[in-house]
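Enquirer: Numbering (the numbering used here), first residue to last: 2 to 244.
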Ligand SMILES: NC(=O)c1ccc[n+]([C@@H]2O[C@H](COP(=O)([O-])OP(=O)(O)OC[C@H]3O[C@@H](n4cnc5c(N)ncnc54)[C@H](O)[C@@H]3O)[C@@H](O)[C@H]2O)c1
């Protein structure tokens, strides 16, 4: 059995993850820790093969470093990672020959939504991303929004049509990454939604994903725990472990 420690276990995602790991016959949940616990000492004493981190954006990068330095494999669902941080962690994982995952989104449908957006961006370079989450989400835009912008930019073969970005009210045109506008909605009742909105000649295309409950993330978390032990590198995006 693959031994797993969950960090952020008292949170909405963490508590669901503990239940899902407990129900997976290939996994053994050996520890549940949260804000007041010492992550490094917990890894040293429990010696988990995998640590799932579902905490808070401002702590995610530091936690991932701690997990790798302590010799465990990180499965990071915590959002807010920038490209440079992912690259630093990939270098550290390589040095330690440890597998790991940073997943902007654990839901299979959301991974497919990002892949389909990449496919569409080859032919329709004009695109904006609208994501919605609960008001408790710490940061904006979401990790999924950022990853989608990176995928679109890598797939796009021409630049988007320039637009007038004169804003009568600051923020009206959203944020921008890799020439992709990102708009963040925060409303009660929403778990996680994203629409990738393409415009073409006389046509539009919308690719939409909706996580209706946190259960949608659990098969991806369990899959990641099972797969990272077979790897000696840290991957960015669940799609790298899905096949
Ligand atoms: N990748 C995905 O598919 C996915 C899906 C949903 C949410 N998320 C992300 O997962 C994270 C957790 O989301 P949530 O809805 O469960 O939040 P939450 O606020 O319900 O839970 C966060 C938990 O982490 C704990 N915590 C905060 N800082 C900590 C630290 N430094 N060390 C240890 N524990 C700490 C809190 O006490 C809390 O119990 C967020 O970053 C969120 O954006 C990712």
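In this text, a Cβ means the ideal position worked out from N, Cα and C, and glycines have one as well.
Quick one: residues in its chain with C-beta nearer than 6 Å to the C-beta of residue 186, no 5 flanking neighbours on either side, listed in chain order?
Expert: Position 185 of the chain shown, counting from 1, holds the residue named residue 186. Take residue 186, set aside five residues on each side of it, and the residues of its chain with a beta-carbon closer than 6 Å to its own are 133, in chain order.
Enquirer: Which residue's Cα is closest to the Cα of residue 205: 122, 110, 167?
Expert: Counting from one through the chain shown, the residue named residue 205 turns up at place 204. The shortest C-alpha separation from residue 205 is found at 122.
Enquirer: State the beta-bridge partners of residue 237 as determined by DSSP.
Expert: Position 236 of the chain shown holds residue 237. Paired residue(s): 103.
Enquirer: Can residue 225 and residue 147 be called in contact, C-beta distance under 8 Å?
Expert: Taking the chain shown and counting its residues from 1, one reaches residue 225 at position 224. Taking the chain shown and counting its residues from 1, one reaches residue 147 at position 146. Their beta carbons are not under 8 Å apart, which means residue 225 does not touch residue 147 by this criterion.
Enquirer: Which same chain residues, not among the five before or five after residue 212, have their C-beta less than 6 Å away from its C-beta?
Expert: As a position in the chain shown, residue 212 is number 211, starting the count at 1. Excluding positions up to five away in sequence, the list reads 108, 192, 193.
Enquirer: Could you round the C-beta distance between residue 30 and residue 5 to whole angstroms and report it? I think they count as a contact, below 8 Å.
Expert: Here residue 30 refers to the residue found at position 29 of the chain shown. Here residue 5 refers to the residue found at position 4 of the chain shown. The pair is a contact, with the Cβ atoms about 6 Å apart (cut-off 8 Å).
Enquirer: By Cβ distance, which residues of its chain are closer than 7 Å to residue 223, with the 5 residues on each side in sequence left out?
Expert: Residue numbering aside, residue 223 sits at position 222 when the chain shown is read from its first letter. So the qualifying residues of the chain are 21, 22, 25, 28.
Enquirer: What are the partner residues of residue 199, as DSSP defines its beta bridges?
Expert: Here the question's residue 199 lines up with position 198 in the chain shown. BP columns for residue 199 point to 128, 206.
Enquirer: Please classify residue 72: does DSSP put it in a helix, a strand, or coil?
Expert: Sequence index remark: in the chain shown, residue 72 carries index 71 (1-based). Of the three classes helix, strand and coil, the one that applies to residue 72 here is coil, per DSSP.
Enquirer: Is it buried or exposed, residue 78, if we count other Cβ atoms within 10 angstroms and call 16 or more buried?
Expert: Here residue 78 is taken as the residue at index 77 of the chain shown, counted from 1. Counting every other CB atom within 10 Å of its CB across the protein chains shown gives residue 78 a total of 16 or more, marking it as buried.
Enquirer: Give the secondary structure of residue 182 by DSSP, where H, G and I count as helix, E and B as strand, and everything else as coil.
Expert: Translated into the one-based positions of the chain shown, residue 182 becomes position 181. Residue 182 falls in the strand class under three-state DSSP.
Enquirer: Would you mind giving the Cβ-Cβ distance between residue 249 and residue 198, rounded to the nearest angstrom? I have them listed as a contact below 8 Å.
Expert: No answer is possible for residue 249: the residues shown for the chain start at 2 and end at 244.
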